[in-house]
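Take any residue in the sequence shown, count from 1 to its spot, add 3: that is its number in the numbering used here. Even for Gly, the Cβ is constructed at its ideal location relative to N, Cα and C. Structure first, then comments.
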Amino acid sequence: MKKSYYITVCQMLILLILPRFSIAQGLLSATPEQVGMSSARLARITPVMQKYVDSHRIPGCVTLIARHGKIVHMESYGQTAFGTGEPMTENIIFRIASMTKPITAVAAMMLYEEGCFLLSDPIGKYIKEFSNMQVIKSSNNGDSFELVPAQGEITIRHLLNHTSGITYGSGKLSEFYTNAGVSSGLQSTDGMIGDMVKKLAGLPLQHNPGEEWSYGLSNDVIGYFIEIVSGMTLDEFFRERIFKPLRMNDTYFFPPDEKLSRLATYYIKNKNGGLDRQSQESVDAMYTGPHTYFSGGGGLCSTVKDYARFSQMLLNGGELDGVRILSRKTVELMTHDTTGGIDILRESDDTRATHGDRYGFGVGIRFYPGDIESVGTFGWGGAYHTLFWIDPKEELIGIFMSQIRGEGDKSQHRKFRILTYQAIID
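Below is the structure:
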């Protein structure tokens with residue numbers, strides 16, 4: 004009788020403890036008022052996001068806000084695709100494109116902390132094809148150009164902060180990139196990342212390393228560099244060193260077959276401003292073909308909840324749930340201006356307002372006052388209309404995910420950010 008009673012008590016204790024332990028492994032939820040935010044004011048987000056759905060500017064989206072380590076808002080709007088009736092949910096897996104870059108930067112800095120390299124090291128030390136680079140130089144009248152030797156070598160720092168001179172092949176470099184068959188990482192690509200990086204090394208730079216900020220394939224080079232230094236594929240390194248420890252269970256370069264049904268349908272903005280659904284053939288080519296090309300600049304898929312865990316780790320100074328990924332000092336280095344005073348070059352004030360004024364490693368930084376978020380806020384977005392930001396001063400995280408390829412309506416990003424901050428009442 005006593006033994007049976009003892010077992011029953013133990014079972015009851017386990018049942019009481021396990022839910023708390025399980026909850027502790029993820030970001031806890033809280034009422035907005037518990038963390039200095041207003042429920043009534045956060046409710047303003049819903050009609051604004053829903054308006055974008057109702058006007059067919061997006062089929063659907065998911066938004067998440069966390070403050071002081073607790074989720075106070077997570078909501079889904081619309082459908083996974085127009086006309087399906089299938090509701091958008093928080094478990095949908097999105098292509099996060101350039102929101103891959105902060106994860107690649109974290110992976111590189113993990114190796115930096117282990118003494119594997121210095122930021123001042125030339126990349127040519129590890130990938131010999133980068134040893135003798137050239138720069139494209141226009142004539143005085145701009146009608147022609149010549150190639151001249153680069154002044155200085157590309158360093159690891161230059162690659163991490165996009166001052167390497169490597170671009171996505173726009174402008175004068177377009178023909179070079181196209182003829183070489185360089186992949187952006189956003190489409191199905193044969194071979195391995197090292198194959199493409201070696202092609203890239205044979206192309207001219209937009210400018211001398213360290214002179215300007217030019218957004219491009221630098222993080223893909225870093226991805227291959229991580230493979231060389233670690234002896235692992237980028238996919239293996241991410242999975243074993245970041246995703247498993249942080250319990251990011253739905254983040255992949257290529258989601259497994261059993262999760263492909265959760266992959267968001269994506270649309271491409273057409274020349275008339277409407278949206279065309281991506282063909283099933285293109286989706287199949289990307290996710291059922293060879294799983295060998297791991298783009299460190301734009302290849303990952305993730306969920307809003309997984310990315311919230313990654314973001315909270317950064318906000319915590321490199322640690323989450325007792326698992327330390329980076330030191331606090333390394334996160335500080337990554338999330339401050341690393342360019343020596345070079346402003347991010349953006350085509351409009353709207354995009355600058357979305358992403359920041361300066362660049363760290365993998366993230367843009369709000370350097371100048373004048374926007375609603377705090378100076379020091381950092382984050383980035385992706386080409387499929389995704390966005391995240393982290394405000395250390397307010398201990399706040401915002402994440403937005405939809406799936407529109409091309410120039411998505413950035414006013415939606417800005418409005419979501421404004422609606423987040425106006426709800427702070429402490």
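Practice task
Tell me whether D279 sits in a helix, a strand or coil according to DSSP, three-state version.
Solution key: Counting from one through the sequence shown, the residue named residue 279 turns up at place 276. Strand, per DSSP.
Exercise for the section: Please state whether DSSP places D360 in a helix, a strand or coil. Expected result: Along the sequence shown, one-based indexing puts residue 360 at 357. Residue state, collapsed to three classes: coil.
Exercise for the section: Alpha carbon to alpha carbon, how far is G379 from K272? Give it in angstroms, no decimals. Expected result: To locate residue 272, count along the sequence shown from 1; it is residue 269. To locate residue 379, count along the sequence shown from 1; it is residue 376. Computed Cα separation, rounded: 33 Å.
Practice task
With DSSP collapsed to three states, give me the class of S177.
Solution key: Position 174 of the sequence shown, counting from 1, holds the residue named residue 177. Three-state result, S177: helix.
Problem - Within 8 Å, strictly: CB atoms of G401 and R417 - result: Position 398 of the sequence shown, counted from the first residue, corresponds to residue 401. Position 414 of the sequence shown, counted from the first residue, corresponds to residue 417. Against a cut-off of 8 Å, the Cβ pair of R417 and G401 comes out as no contact.
Problem - Buried or exposed by the 16-neighbour rule on C-beta atoms within 10 Å, applied to Q37 - result: By 1-based counting over the sequence shown, the position of residue 37 is 34. Exposed.
Practice task
Using the Cα positions of Y55 and A311, report the straight-line distance between them to the nearest angstrom.
Solution key: Taking the first residue of the sequence shown as 1, we reach residue 55 at position 52. Taking the first residue of the sequence shown as 1, we reach residue 311 at position 308. Distance between the alpha carbons of Y55 and A311: 23 Å.
Practice task
Verify whether the separation of the beta carbon atoms of Q283 and Y269 is less than 8 Å.
Solution key: In the sequence shown, the residue the question calls residue 283 occupies position 280. In the sequence shown, the residue the question calls residue 269 occupies position 266. For Q283 and Y269, no; Cβs fall outside 8 Å.
Handout entry: Residue from I96, F256, P152 and I157 whose Cα sits closest to the Cα of K128
Key = Residue mapping note: residue 128 aligns to position 125 of the sequence shown, counting from 1. The residue with the shortest Cα to Cα distance from K128 is I157.
Exercise for the section: Inspect the beta-carbon positions of L249 and L323 and report whether they are closer than 8 Å. Expected result: One-based indexing of the sequence shown puts residue 249 at position 246. One-based indexing of the sequence shown puts residue 323 at position 320. Yes, Cβ-Cβ distance for L249 and L323 is below 8 Å.
Problem - Pairwise C-alpha distance: H71 and H339 - result: Mapped onto the sequence shown, residue 339 falls at position 336. Mapped onto the sequence shown, residue 71 falls at position 68. Cα to Cα, H339 sits roughly 21 Å from H71.
Handout entry: F246 - DSSP class collapsed to helix/strand/coil
Key = Along the sequence shown, read from residue 1 onward, the residue named residue 246 stands at position 243. If DSSP states are grouped into helix, strand and coil, F246 belongs with the helices.
Exercise for the section: Using beta-carbon positions only, say whether V366 and M404 come within less than 8 Å of one another. Expected result: Taking the sequence shown and counting its residues from 1, the one referred to as residue 366 is at position 363. Taking the sequence shown and counting its residues from 1, the one referred to as residue 404 is at position 401. It is not a contact, given that the beta carbons lie outside the stated cut-off.
Exercise for the section: Can you say whether V151 is buried or exposed, counting buried as having 16 or more other CB atoms within 10 angstroms of its CB? Expected result: By one-based count along the sequence shown, residue 151 stands at place 148. V151 should be labelled exposed.
Handout entry: Contact set for T107: own chain, Cβ-Cβ below 6 Å, skip 5 residues either direction
Key = To locate residue 107, count along the sequence shown from 1; it is residue 104. Correct list, in chain order: N222, I225, G226 and G299.
Handout entry: Same chain, Cβ closer than 7 Å to S101, five either side skipped, listed in chain order
Key = Taking the sequence shown and counting its residues from 1, one reaches residue 101 at position 98. Result list for S101: G300, G301, W383, G384, G385 and A386, in chain order.
Problem - Member of N252, R331 and L237 whose CA lies at the smallest distance from the CA of I196 - result: Working through the sequence shown from its first residue, we reach residue 196 at position 193. Here the closest residue by C-alpha is L237.
Practice task
Mind listing, in chain order, the continuous alpha helix (DSSP H) runs of no fewer than 4 residues lying wholly within the segment 185 to 218?
Solution key: 196 to 204
Problem - Contact the segment 77 to 90 vs the segment 207 to 221: 3+ CB pairs below 8 Å - result: no
Practice task
To the nearest angstrom, report how far apart E149 and K413 are at their CA atoms.
Solution key: For the purposes of this step, residue 149 is taken as the residue at position 146 of the sequence shown. For the purposes of this step, residue 413 is taken as the residue at position 410 of the sequence shown. If I take the Cα positions, the gap works out to 37 Å.
Handout entry: DSSP state of E78 mapped onto helix, strand, coil
Key = Working through the sequence shown from its first residue, we reach residue 78 at position 75. Looking at E78 - three-state DSSP - the assignment turns out to be strand.
Handout entry: Euclidean distance between Cα positions of Y296 and R44
Key = Walking along the sequence shown from the start, residue 296 turns up at place 293. Walking along the sequence shown from the start, residue 44 turns up at place 41. In a straight line, the C-alpha of Y296 is about 44 Å away from that of R44.
Exercise for the section: On a CA-only basis, which of Q190, L122 and N135 is nearest I159? Give me that one, please. Expected result: The count along the sequence shown starts at 1 and reaches residue 159 at position 156. Taking only the C-alpha atoms, the option nearest I159 is L122.
Practice task
May I ask which residues mark the beginning and end of the alpha helix (DSSP H) holding S233?
Solution key: In the sequence shown, counting from the first residue as 1, residue 233 sits at position 230. Where S233 is concerned, the enclosing alpha helix (DSSP H) stretches over S221 to S233.
Practice task
May I have a chain-ordered list of the beta strand (DSSP E) segments no shorter than 3 residues that lie completely inside the segment 362 to 427?
Solution key: 381 to 385, 389 to 394 and 399 to 404
Problem - Between the CA atoms of C119 and E132 - distance to the nearest angstrom - result: Translated into the one-based positions of the sequence shown, residue 132 becomes position 129. Translated into the one-based positions of the sequence shown, residue 119 becomes position 116. Each residue's alpha carbon lies about 20 Å from the other.
Problem - Between the CA atoms of G359 and V334 - distance to the nearest angstrom - result: As a first step, residue 334 must be located in the sequence shown, where it is residue number 331. As a first step, residue 359 must be located in the sequence shown, where it is residue number 356. One C-alpha to the other measures close to 17 Å.
Practice task
State yes or no: is the beta carbon of R369 nearer than 8 Å to at least one beta carbon in chain B?
Solution key: The structure shown contains no chain B; it is built from a single protein chain.
Exercise for the section: Could you check if K104 is buried or exposed, using at least 16 other CB atoms within 10 Å of its CB as the buried criterion? Expected result: On the sequence shown, residue 104 is found 101 positions in, with the first residue counted as 1. Answer is buried; the Cβ neighbour count reaches 16.
Handout entry: Identity of the residue in S42, I96 and A33 nearest E261 by Cα
Key = Sequence index remark: in the sequence shown, residue 261 carries index 258 (1-based). That would be I96, whose Cα lies nearest to the Cα of E261.
Problem - Cβ separation of M113 and L329, assumed to be a contact under 8 Å, to the nearest whole Å - result: One-based indexing of the sequence shown puts residue 113 at position 110. One-based indexing of the sequence shown puts residue 329 at position 326. Sure, about 6 Å apart at Cβ, within 8 Å.
Practice task
Could you spell out the range, first to last residue, of the alpha helix (DSSP H) harbouring L45?
Solution key: Numbered from 1 along the sequence shown, position 42 holds the residue referred to as residue 45. Unbroken alpha helix (DSSP H) run through L45: S42 to L45.
Handout entry: Helix, strand or coil at S351 [DSSP, three-state]
Key = Taking the sequence shown and counting its residues from 1, the one referred to as residue 351 is at position 348. At S351, the pLDDT of 48 sits below 50, so the modelled position is not reliable; the number obtained from the coordinates is stated separately. Note: S351 maps to coil in three-state DSSP.
Handout entry: Boundaries of the beta strand (DSSP E) in which F120 is found, first to last residue
Key = Taking the first residue of the sequence shown as 1, we reach residue 120 at position 117. Looking at the DSSP string, F120 is not in any beta strand (DSSP E), and its letter there is neither H nor E.
Exercise for the section: Figure out for me which residue from S58, D57, P35 and H59 has the closest Cα to the Cα of L67. Expected result: Sequence index remark: in the sequence shown, residue 67 carries index 64 (1-based). Residue P35 is the option with its Cα nearest to L67.
Problem - 7 Å Cβ shell around E89 - same chain, five flanking residues per side excluded - result: Looking up residue 89 in the sequence shown gives position 86. The residues are Q82 and T83.
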